[in-house]
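Once you know that position 244 of the sequence shown is 244 in my numbering, the rest is easy, because the numbers rise by one and skip nothing. All residues carry an ideal CB built from backbone N, CA and C; glycine is no exception.
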Amino acid sequence: MAENEILSKKELFDRMLSQGRLHEAITMLKSISEKKMLWEVTDRITRVEEAYRYMLRYAMEGVEDPHRDVIYNNIKNDLRMLYDRLTRLVNIQSSATLYYTTLRAGNVPAVADACSSYRKLLHGNDAFSIAAGVSQGVTAVELESAETALFESVWVNFPYSGDDENALNALIGDASIPAHVKILVISALMLGSMEFFDCRRALVLANVYASEVSDEQMRMTALTALLLSLYVNRGKEFPPELLARISVLRDMASWRQDIKTVYLELIRTRDTERITTKLRDEIVPEMIKMKPEIDKRIKADFEQGVDPSELEENPEWQDFLESSGIADRMKELSEIQEEGGDVLMGTFSQLKSYPFFYNPANWFRPFYADSSVVAQLGDDTNVLGELIAQSFFMCDSDKYSFVLAFASMPEAQRNMMISQIKAQNINAAEIQNASLNLSTDTRKNVVNKYVQNLYRFFRLFRRRGDFKDPFASEINLIDVKPLQSDFLEDSTLQLVGEFYFKHQYYKEAFGVFKLREAHIFPDATLYQKLGYCKQRLGDTEGAIKYYEQSELLTGNSLWTTKRLAAAHKQMGNFKEALDYYNRLDVMQPDKFATTLNIGQCQMALGQYAEASKAFYKAQYLDERSEKPMRLLAWSLLMQKDLDASQDIYDKILNTMTTQPLDYLNRGHVALVKGDFRSAISYYNKFVSVSPGGWADFIQEMSDDRSHLVGLGVDEGILPLVTDAARYANL
């Protein structure tokens, strides 16, 4: 069976299980395993089927079994596991993805064996060394190679045995195992779950989060990995033991706040591309543009003996920065960073081509000062390594990129930078203290930086196409059924919805606001935002419904009235729009935009005399605007006040920036007056300046036909006028 064939049957298989059609599901499984001659799996299927047949027999005989539901769910989970095993065994023969090429290498030990091997290498073989946590002369490179082997074992092994689960729990709970290794294992558990879900993996992650011996970094990393694993597999029915474990976690005092933190940091990645684009296309180019002027000012100040450290106190510099827009851009950048936005993705995405990043394990490896990557810098590595390790702004992946880029610099340049660091007496403690001042929420920062590591892997790894990218679409943890009750809290929904709304992701914001609507009392502001989302998504009719609901709750809201007026006008509901614009005129009298809109609605309703009054008033309110004059000229034409209309069109053509329709409408005035030669002259001018030329003219004449006939133009003359206009020498 081809690789894509077994994948195509997966949806049907899952549907059979969800509908209780286990006999059909078992038959399908047997057919696949027998066709591929996977007899070990076939035997396992047979044993599961026998258990199912016994359960059916007892049920049909009327035997009461309080554990029947548990047994039934276990059988379904066993069948799912067997389908995954079949998929894995079929794909391992031909799939070119990194997961299967790693498996085909043939040297991946079982998880329990990999844990044991790593311990022996780390501590030596004797009991004393293990107890004392002493390494027997193992180099950093050898240890990192063993860590990578452990990562691969945890990642690609499936399904886990009880020994595997116990070995991982013991390894992560062992205080002698370096913290960065435990984080690496947590990431491997998550990555493996994205290929094939295994309850034992999820239980290990849950244990890490719940463990009292875990530090905040381990706990929040494990929780992030667990929630992502559940999200990627949200379509599955999770086994009872996992649901029970989640229920226990829910009793922890930190649970609700922690999962909210993870959720917000995951959805924050939705904004990463926008931030990167903004930096690349707006902020950086503007700063580059200003560089010559900045250099010139610095040089002038230097020649005058001004201390560079005093520049920020110079009011002239402040005026320059503000007038140039740099101050606003820097403020915006600072705000994005303070909110947790990923402002470094664009910069460090260019530094992921080093061979170090060819190995997937290295994308998840926490940065630490004793790393072999830092050691390659030679002397004084501790200075730089400790500084980078304590950096608050960079995620681990970017820290490695920084060191690798630093290592590629000429030696003289590296030495100069190290000397500057020493001369300024910068140390890791200062960096750490500064970081703590910037963010008192350590747990949030752990998740923020870990999610950035994940985002870089799934977006920048050279073989990223081999992996399911959880960031390819909106991450909505509310879709994970066991977690829905946690995320449906109004405070959580409000935070998530406001994030999407603020950053103009209106589709996602609308979905979250709809969930809020179902869980709170009617709220005018919520209906306003639902309506605004609908309007921005192009559903103006839907927007009106929500705006009207908001109006019922608030009465005369200026904002809602404006939106309803504009929405009705956009929909062509000019009578309703006029009513709302008249209300606005009472709330805020003599506003130019309101007056203009009143006139446009009246004109659309054929109330030309009233419309003309509104346009005269609008012209008085803003004498610089040309729009009222054009609308007034047309309104007067529709009233057959031809001389007044002609005077205004002539004024527009002689004193204002002309538009193609000005010539067309002036031609209409001449046509209604019976001055055909003047009409043809103006029509030809329209054709010469209109982008579509004659095609535009023919379309406009067709659109205005009913108006012209209503003004007394003989309908039969119109095609003659059109043709006559083509003969410019008539």
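Same chain, Cβ closer than 6 angstroms to S193, five either side skipped, listed in chain order: As a first step, residue 193 must be located in the sequence shown, where it is residue number 193. Once the five neighbours on either side are set aside, the close Cβ partners of S193 are R201 and S229.
8 angstroms CB neighbourhood of R274 in its chain, flanking five on each side removed: In the sequence shown, residue 274 corresponds to position 274, counting from 1. The residues are H503.
First and last residue of the uninterrupted alpha helix (DSSP H) at T46: On the sequence shown, residue 46 is found 46 positions in, with the first residue counted as 1. Where T46 is concerned, the enclosing alpha helix (DSSP H) stretches over W39 to M60.
Beta-carbon proximity check, T87 vs D466, cutoff 8 angstroms: Taking the first residue of the sequence shown as 1, we reach residue 87 at position 87. Taking the first residue of the sequence shown as 1, we reach residue 466 at position 466. No; because the gap between Cβ atoms is not below 8 angstroms, this pair is not in contact.
When I45, K10, C199 and S18 are compared against N27, the one with the closest alpha-carbon: Here residue 27 refers to the residue found at position 27 when the sequence shown is read from its first residue. A small correction: the amino acid at residue 27 is Thr; Asn does not occupy that position in the sequence shown. Closest by alpha carbon: I45.
Contacts around L12, its chain only, beta-carbon distance under 8 angstroms, and the 5 residues preceding and following it disregarded: As a working mapping, residue 12 is identified with position 12 in the sequence shown. The answer, listed in chain order, is M28.
Coarse secondary structure for V498, derived from DSSP in three states: As a working note, residue 498 is residue 498 in the sequence shown. The question names Val, yet the displayed sequence has Glu at residue 498. Secondary structure of E498 (DSSP, three-state): helix.
Distance, A618 Cα to E700 Cα: The count along the sequence shown starts at 1 and reaches residue 700 at position 700. The count along the sequence shown starts at 1 and reaches residue 618 at position 618. Straight-line Cα distance between these residues: approximately 27 angstroms.
Start and end residues, alpha helix (DSSP H) containing Y450: Your numbering for residue 450 matches position 450 in the sequence shown. Its alpha helix (DSSP H) spans residues T442 to L460.
Buried versus exposed call for D588 [16 or more other C-beta atoms within 10 Å across all chains shown]: Translated into the one-based positions of the sequence shown, residue 588 becomes position 588. Before going on, a small fix: residue 588 reads as Gln here, not Asp. Exposed: under 16 other Cβ atoms inside 10 Å.
With 16 other Cβ atoms within 10 Å as the buried cut-off, status of F521: To locate residue 521, count along the sequence shown from 1; it is residue 521. Exposed: under 16 other Cβ atoms inside 10 Å.
N-terminal and C-terminal residue of the alpha helix (DSSP H) that V713 is part of: As a working note, residue 713 is residue 713 in the sequence shown. No alpha helix (DSSP H) contains V713, which DSSP labels as neither H nor E.
Same chain, Cβ closer than 6 angstroms to I544, neighbours up to 5 away in sequence not counted: Taking the sequence shown and counting its residues from 1, the one referred to as residue 544 is at position 544. For I544, where only same-chain residues beyond five positions count, the Cβ hits under 6 angstroms are A567.
Cβ contact check for the stretch 668-684 and the stretch 603-621: 3 or more pairs under 8 angstroms: no
Where the alpha helix (DSSP H) containing F686 begins and where it ends: Position 686 of the sequence shown, counted from the start, is the residue given in the question as residue 686. Taken as a continuous stretch (DSSP letters only), the alpha helix (DSSP H) holding F686 covers F676 to V689.
Same chain only: Cβ atoms within 7 angstroms of G599, ignoring 5 sequence neighbours per side: As a first step, residue 599 must be located in the sequence shown, where it is residue number 599. Closer than 7 angstroms at Cβ, skipping near neighbours: A611, A614, F615, A618 and L631.
Span of the alpha helix (DSSP H) around F348: Translated into the one-based positions of the sequence shown, residue 348 becomes position 348. It spans M345 to F348 - the alpha helix (DSSP H) in which F348 sits, taken as one unbroken run.
C-alpha distance - V141 paired with Q413, whole-angstrom precision: Stepping through the sequence shown from its first residue, residue 141 is reached at position 141. Stepping through the sequence shown from its first residue, residue 413 is reached at position 413. One C-alpha to the other measures close to 26 angstroms.
Buried/exposed call for Y506, threshold 16 Cβ in 10 Å: By 1-based counting over the sequence shown, the position of residue 506 is 506. Its Cβ being crowded by 16 or more others within 10 Å, Y506 is buried.
Local Cβ density within 10 Å of M656, reported as buried at 16 or more and exposed below that: Here residue 656 refers to the residue found at position 656 of the sequence shown. By the 10 Å Cβ count, M656 comes out exposed.
Whole-Å CB distance - D342 paired with Q494, under 8 angstroms assumed: By one-based count along the sequence shown, residue 342 stands at place 342. By one-based count along the sequence shown, residue 494 stands at place 494. 23 angstroms between Cβ atoms; not a contact.
Check whether I648 and L636 have beta carbons under 8 angstroms apart: The residue you call residue 648 lines up with position 648 of the sequence shown. The residue you call residue 636 lines up with position 636 of the sequence shown. Yes, they are a contact pair.
Start-to-end residues for the alpha helix (DSSP H) that takes in K534: Here residue 534 refers to the residue found at position 534 when the sequence shown is read from its first residue. Start and end: A524 to R536.
C-beta atoms of L708 and V672 nearer than 8 angstroms: Counting from one through the sequence shown, the residue named residue 708 turns up at place 708. Counting from one through the sequence shown, the residue named residue 672 turns up at place 672. In this structure, V672 lies closer than 8 angstroms to L708 by Cβ.
Three-state secondary structure (DSSP) of L488: As a working mapping, residue 488 is identified with position 488 in the sequence shown. Of the three classes helix, strand and coil, the one that applies to L488 here is coil, per DSSP.
Pair within 8 angstroms by beta-carbon distance, I186 and A244: Locating residue 186 in the sequence shown gives position 186, counting from the first residue. Locating residue 244 in the sequence shown gives position 244, counting from the first residue. Cβ atoms of I186 and A244: not closer than 8 angstroms.
Proximity of R270 and E474 at Cβ, strictly below 8 angstroms: On the sequence shown, residue 270 is found 270 positions in, with the first residue counted as 1. On the sequence shown, residue 474 is found 474 positions in, with the first residue counted as 1. Their beta carbons are under 8 angstroms apart, which means R270 touches E474 by this criterion.
Inter-residue spacing [alpha-carbon to alpha-carbon] between M416 and S145: Position 416 of the sequence shown, counted from the start, is the residue given in the question as residue 416. Position 145 of the sequence shown, counted from the start, is the residue given in the question as residue 145. Cα to Cα, M416 sits roughly 32 angstroms from S145.
Within 8 angstroms, strictly: CB atoms of I32 and Y52: Stepping through the sequence shown from its first residue, residue 32 is reached at position 32. Stepping through the sequence shown from its first residue, residue 52 is reached at position 52. Taking 8 angstroms as the Cβ cut-off, I32 and Y52 do not qualify as a contacting pair.
Cβ contact check for the stretch 63-81 and the stretch 168-188: 3 or more pairs under 8 angstroms: No: the two stretches stay apart, fewer than three of their Cβ pairs being nearer than 8 angstroms.
Beta-carbon contacts of G497 that lie in its chain and below 6 angstroms, excluding the five residues immediately before and after: Counting from 1 along the sequence shown, the entry for residue 497 is found at position 497. Excluding residues within five positions, the ones whose Cβ falls inside 6 angstroms are A509, V512 and F513.
Straight-line Cα distance separating D622 from S557: To locate residue 557, count along the sequence shown from 1; it is residue 557. To locate residue 622, count along the sequence shown from 1; it is residue 622. Each residue's alpha carbon lies about 26 angstroms from the other.
Short Cβ contact (8 angstroms threshold) for F471 with W363: Within the sequence shown, the letter at position 471 stands for residue 471. Within the sequence shown, the letter at position 363 stands for residue 363. No.
Under the three-state DSSP convention, the category Q659 falls into: Translated into positions along the sequence shown, residue 659 becomes position 659. Correct three-state label for Q659: coil.
Exposure label - A405; buried when at least 16 CB within 10 Å: The residue labelled residue 405 in the question sits at position 405 within the sequence shown. Note on A405: under 16 other CB atoms within 10 angstroms of its CB, so exposed under the neighbour-count rule.
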